[in-house]
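Read through the structure below, which is laid out as structure tokens, and then see the notes.
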Amino acid sequence: MSFTIQNVLISEGEGYRTVDVQIQDDRILAIAPNLEVIGTAIDGTNKLLLPGFVNAHTHSSEMWQRGIIPPVPLELWIAELYEFTPLDPEQAYLSAVGTAIETLLTGGTTVVDHLVLIPGKEIETIEAAYRGYRDVGIRAFLAPLIQDEALSAGIPTGGDEVNHGDYVRPTQATLDLLQEAINQFHRPDERVEIMVAPTGIQLCSDALFEGCIELSDRYNLNRHAHLLETKAQKLLAEEKYGCSAVQHLKEIGWLSEKTSLAHCVWLDDSDIQIMAETRSTVVHNPLSNLRLGSGIAPILKYRQAGVNVAFGCDGSASNDSQDLLEAIKIGSILHSVTDFDYHHWITPRQSVEMASLGGATGLNRADQFGSLTVGKKADLVMYDLKSLSMLPRTDPIGLLILGRPVNVVSHAWVNGKQVISEHEICNVNVDDLKEKLFDRSEWTPKRKSIAVAETEARYRSVMGLPGTTIGYS
Ligand SMILES: [Zn+2]
85 MSFTIQNVLI SEGEGYRTVD VQIQDDRILA IAPNLEVIGT AIDGTNKLLL
135 PGFVNAHTHS SEMWQRGIIP PVPLELWIAE LYEFTPLDPE QAYLSAVGTA
185 IETLLTGGTT VVDHLVLIPG KEIETIEAAY RGYRDVGIRA FLAPLIQDEA
235 LSAGIPTGGD EVNHGDYVRP TQATLDLLQE AINQFHRPDE RVEIMVAPTG
285 IQLCSDALFE GCIELSDRYN LNRHAHLLET KAQKLLAEEK YGCSAVQHLK
335 EIGWLSEKTS LAHCVWLDDS DIQIMAETRS TVVHNPLSNL RLGSGIAPIL
385 KYRQAGVNVA FGCDGSASND SQDLLEAIKI GSILHSVTDF DYHHWITPRQ
435 SVEMASLGGA TGLNRADQFG SLTVGKKADL VMYDLKSLSM LPRTDPIGLL
485 ILGRPVNVVS HAWVNGKQVI SEHEICNVNV DDLKEKLFDR SEWTPKRKSI
535 AVAETEARYR SVMGLPGTTI GYS
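Positions 85 to 557 (my numbering) are the ones given, in order, by the sequence shown.
Encoded structure:
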């Protein structure tokens, strides 16, 4: 299968250039003006072509709870999230499809799904998400979310003796599950790969991390985890290891060029140095960090230290959307308030590079996708410069990153296969998806969480907050 995009605008240096782009099979064959048409001709007039972005951290099934969890910090939010988590693998399928579609329509061609597993139906959950991503045609890195400690272990003890009880599944059983997921669903040739992804130091033992490292080395899998998303996690790491979480993860061998870490809000200068030395990637999820009050990640410091940074939406229950362009915008301009020296601020072109090449680098695939380069995979997105939100004509990339682009993606391809045509998703029926999402949900604005009520008093005490609770129950 080949095609040629004609007369399309691409970014070059600090400017733009109009070119033709030939695609043969899954790769970019040539980029130059006035090329011969191979295969189908696609009109790129008044359109901007960029490499696809990477939604480098999300949890697809959170889509079922978007817009409903009240404004509370992560440690309480997650108690409510798990209390009402979807239990039917078909829901995991639908939310994977929804996540893929929203990512594609906002410039993404790759998604990293840190997938919450339905207890007792773990492989079925992974199968459902795998099927969803294959159906839509997006490139997917499926990262089954695993832990081996009970949820209450994620809150610092403050020195008190706290009995958390055992997690539902022993560590080795979890690693066996991961092995099964690799056997069945690690399919790089079909654009779906498994990642090893313990949720983070707050709920995982060293044995679980070490088992994941072993699988990562054996099968050449990327590694993913949350890292120091909240202040509570920083306190917890000090209680658990007597050193910083980053120092500990370095010592056990978790950090590498194959490792991407979501959030990284509470790292200090020496932690940042370790991130740079180990070539680990920070996945910045600004909307989630604001929504949960987690803090502002020191992104300008990471960039100055040479740490690779990518963007993620994070799950839809802490965002509460999968609009990648929105995450990129906020994640870029947010940091200007942290540094008066505007020479350090992130420019729109830098944002584009972080979202594309930065995302690919975080997946150890910078040689395969993430830029418009001859020989690379054709993961491409074409933006309609005649959309209302892209007018009047000024700077296309400035409009895309700093504006509020609505319905601007006119065409997209993943691995050389078309996934969006004339603003429409190609491979699945979106009306049918909407119908199913509607039918399988209901308006529940007065939902109350018992788990939050049970957790809140300890959280407030450990975090030094006054004793009253906000009246959950
Ligand atoms: Zn997350």
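Glycine included, C-beta positions come from ideal geometry on N, C-alpha and C.
For clarity, every value in this text was computed on a predicted model and none was experimentally measured.
Query	Result
Whole-Å CB distance - residue 342 paired with residue 307, under 8 Å assumed	5 Å
Rounded separation between residue 367 and residue 510 - CA only	29 Å
Complete runs of the beta strand (DSSP E) confined to the segment 398-476 [at least 3 residues]	464-468
Three-pair Cβ contact test at 8 Å for the segment 357-374 versus the segment 101-109	no
Touching by the beta-carbon criterion (3+ pairs, under 8 Å), the segment 415-433 and the segment 176-185	no
Same chain, Cβ closer than 6 Å to residue 89, five either side skipped, listed in chain order	105, 126 and 128
Ligand 1 heavy atom lying under 6 Å from the CB of residue 398	yes
Presumed contact (8 Å Cβ cut-off) between residue 225 and residue 408, rounded CB distance	That belief does not hold up - the Cβ atoms of residue 225 and residue 408 are roughly 15 Å apart, past 8 Å.
Euclidean distance between Cα positions of residue 300 and residue 279	8 Å
Cβ contact check for the segment 409-427 and the segment 387-400: 3 or more pairs under 8 Å	yes
Cutoff 6 Å; reference residue 190; Cβ partners in own chain excluding five residues on either side	407, 408 and 409
The segment 220-240 in contact with the segment 191-204 per 3-pair CB rule at 8 Å	yes
Bounding residues of the alpha helix (DSSP H) (the contiguous stretch that carries residue 104)	Segment 99-108 is the beta strand (DSSP E) holding residue 104; no alpha helix (DSSP H) there.
Where residue 302 falls: helix, strand or coil (DSSP)	helix
Uninterrupted beta strand (DSSP E) stretches inside the segment 212-251 (no shorter than 3 residues)	223-229
Selection from 139, 155, 120 and 122 that minimises the alpha carbon distance to residue 377	155
Inter-residue Cα distance where the pair is residue 86 and residue 123	5 Å
Residue 277 - partner residues in DSSP beta bridges	225
Close beta carbons around residue 459, own chain, < 8 Å, minus the five adjacent residues each side	111 and 112
CB contact flag (residue 284, residue 248, <7 Å)	no
Extent of the continuous alpha helix (DSSP H) run through residue 332	329-335
Residue 160, enclosing beta strand (DSSP E) - first and last residue	From DSSP, residue 160 is part of no beta strand (DSSP E) but of the alpha helix (DSSP H) over 158-167.
Per-residue DSSP class, three states only, for residue 313	coil
Where residue 504 sits in the DSSP three-state scheme	strand
Anticipated Cβ contact below 8 Å, residue 233 with residue 288, distance rounded	7 Å
Between the CA atoms of residue 206 and residue 557 - distance to the nearest angstrom	Because the pLDDT of residue 557 is 41, which lies under 50, any placement of that residue in the model is unreliable, and the question is left without a value.
Residue range of the unbroken alpha helix (DSSP H) whose run includes residue 518	514-523
Residue 444 beta carbon near ligand 1 (any heavy atom closer than 6 Å)	no
For residue 139, the residue or residues it bridges with in DSSP	195
Environment of residue 148 [buried if 16+ CB atoms lie within 10 Å]	buried
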